[in-house]
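J.: In this text, residue positions in the sequence shown follow my numbering: the first is 1010, and each later residue adds one.
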Amino acid sequence: MGNKVKTGVLLVNLGTPAAPTAKAVRTFLAQFLHDRRVVDLTRWLWCPILHGVILPFRSPKVAKLYQSVWWEEGSPLMVVSRRQQAALSAALQAAGIDMPVALGMSYGEPSIDSAWQELKAAGVDRVIILPLYPQYSVSTTASVFDSWARLMKQERRLPAFRFIRDYHDNHGYIRALAESVRASWQEHGQTDLLLLSYHGIPKRFENQGDPYGHQCHRTSELLAAELGLEPHQWRTTFQSRFGREEWLQPYTDETMAKLPAEGIKNISVICPAFSADCLETLEEISSENKAYFMESGGETYHYIPALNDNPEHIRMMMDLVCREIA
1010 MGNKVKTGVL LVNLGTPAAP TAKAVRTFLA QFLHDRRVVD LTRWLWCPIL
1060 HGVILPFRSP KVAKLYQSVW WEEGSPLMVV SRRQQAALSA ALQAAGIDMP
1110 VALGMSYGEP SIDSAWQELK AAGVDRVIIL PLYPQYSVST TASVFDSWAR
1160 LMKQERRLPA FRFIRDYHDN HGYIRALAES VRASWQEHGQ TDLLLLSYHG
1210 IPKRFENQGD PYGHQCHRTS ELLAAELGLE PHQWRTTFQS RFGREEWLQP
1260 YTDETMAKLP AEGIKNISVI CPAFSADCLE TLEEISSENK AYFMESGGET
1310 YHYIPALNDN PEHIRMMMDL VCREIA
């Protein structure tokens, strides 16, 4: 009889600066914005702009934003990701499943390489790769696959692997989102509108075949149905655009400024594309966009936290992993 195959899980998220300083942010942004999946401009045109303009001027500004959301334990994204890793590992062990769980980041540390070395040292010869991006995009999920492929070029003995491309319509994911919305409404009361804000991508990416926008809208539709909402009770928008080209619309910030004039002055906001709270949720949505809404005449604004290490979220992760084992 052959040796039993040992399976490990590789959780992957975007990454974070090591510290809320201009130097650390510059290092992180340089790696992030050099990725051709994120910015696909010709290098001779992009690199001078990146190193001569964007990094010197943007890094100190972004560092201040990170300082405003930084937790005592560290970067929110890193703290939450480590909690997710520990919770998933504990859930698997409680179910009698011997499966190590490693955490890697596309940019910064711990890297996907270090996570793979951790799994390899544990004797893993089959890997289930779970990018924590519910909706697929070339700029996020595909970048994870690129990193994995580069690592595998160095291996003499390739492990078997399963790559979870997306889970935008997974019932466990939708149910977990719905439970988080209901919990917020139970605490604060149901608002006039549930606004679902997703990270944006350039419209050009969608025109070239990226299914991200479609998957975001599908997630919204399924969540609204799960909550029993009428069409006028929910809306989908896109945040975090960068540069001058058109991104997926409607834009979150512009929508926030217009809602009160439409008579919508009490809203709840959730960010279904983010599996862990981070700068884009804790600063951009919970603070910056709240200000746009309130300054335009809004009265009540509640940010519903990301799923983070919520038990329903961890249960969903385990279900995804166990499905791949089967």
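Yeah, the Cβ is synthetic: ideal placement off N, Cα and C, and Gly gets one too. Given the structure is predicted, the values throughout are model-derived calculations rather than measurements.
Can you tell which of Trp1256, Leu1329 and Pro1026 has its C-alpha closest to the C-alpha of Phe1172?
T.: That would be Leu1329, whose Cα lies nearest to the Cα of Phe1172.
J.: Compare the C-alpha of Leu1023 against each of Ala1104, Pro1140, Leu1097 and Gln1102 and name the closest.
T.: It is Pro1140.
J.: Compare the C-alpha of Arg1091 against each of Asp1219, Thr1309, Phe1041 and Leu1112 and name the closest.
T.: Answer by Cα proximity: Leu1112.
J.: Please name the residue, chosen from Lys1070, Gly1218, Val1078 and Glu1235, that lies closest to Ala1031 on a Cα-to-Cα basis.
T.: Ala1031 has its Cα closest to that of Lys1070, out of Lys1070, Gly1218, Val1078 and Glu1235.
J.: Just list the beta strand (DSSP E) runs in the region 1191-1256, keeping only unbroken ones of 3 residues or longer that don't cross its boundaries, in chain order.
T.: Complete beta strand (DSSP E) runs here, min 3: 1202-1208 and 1243-1248.
J.: Suppose you measure from the CA of Gly1017 to the CA of Glu1118; what does that come to, to the nearest Å?
T.: Approximately 19 angstroms, taken between the alpha carbons.
J.: Between Met1010 and the rest of its own chain, which residues show a CB-CB distance below 8 angstroms, the 5 nearest in sequence each way excluded?
T.: Legend: pLDDT at Met1010 = 42, less than 50; position of this residue unreliable, value from coordinates given subsequently. Closer than 8 angstroms at Cβ, skipping near neighbours: no residue.
J.: Would you be able to state if there are at least three C-beta pairs under 8 angstroms between the region 1153-1169 and the region 1270-1279?
T.: Segments in contact, no.
J.: Would the beta-carbon of Thr1309 be found less than 7 angstroms away from any heavy atom of the ligand SAM?
T.: The model depicted lacks the ligand SAM and carries no ligand whatsoever.
J.: Just reading off the beta strand (DSSP E) that Phe1172 is part of, what are its end residues?
T.: Run containing Phe1172: Ala1169 to Phe1172, per the beta strand (DSSP E) assignment.
J.: What residues are listed by DSSP as bridge partners for Pro1140?
T.: Answer is Val1021.
J.: Answer with buried or exposed for Glu1081, where buried requires no fewer than 16 other C-beta atoms within 10 angstroms of its C-beta.
T.: Glu1081 should be labelled exposed.
J.: Given a cut-off of 8 angstroms, decide if Leu1316 and Ser1284 are closer than it, judged by their beta-carbon atoms.
T.: Taking 8 angstroms as the Cβ cut-off, Ser1284 and Leu1316 qualify as a contacting pair.
J.: Is it buried or exposed for Asp1107, if we count other Cβ within 10 angstroms and need 16 for buried?
T.: Exposed, by the Cβ-count rule.
J.: Would you kindly report the start and end of the unbroken beta strand (DSSP E) that includes Leu1050?
T.: No beta strand (DSSP E) holds Leu1050; DSSP gives it neither H nor E.
J.: If you draw a straight line from the alpha carbon of Pro1143 to that of Ser1084, how long is it in whole angstroms?
T.: Cα to Cα, Pro1143 sits roughly 21 angstroms from Ser1084.
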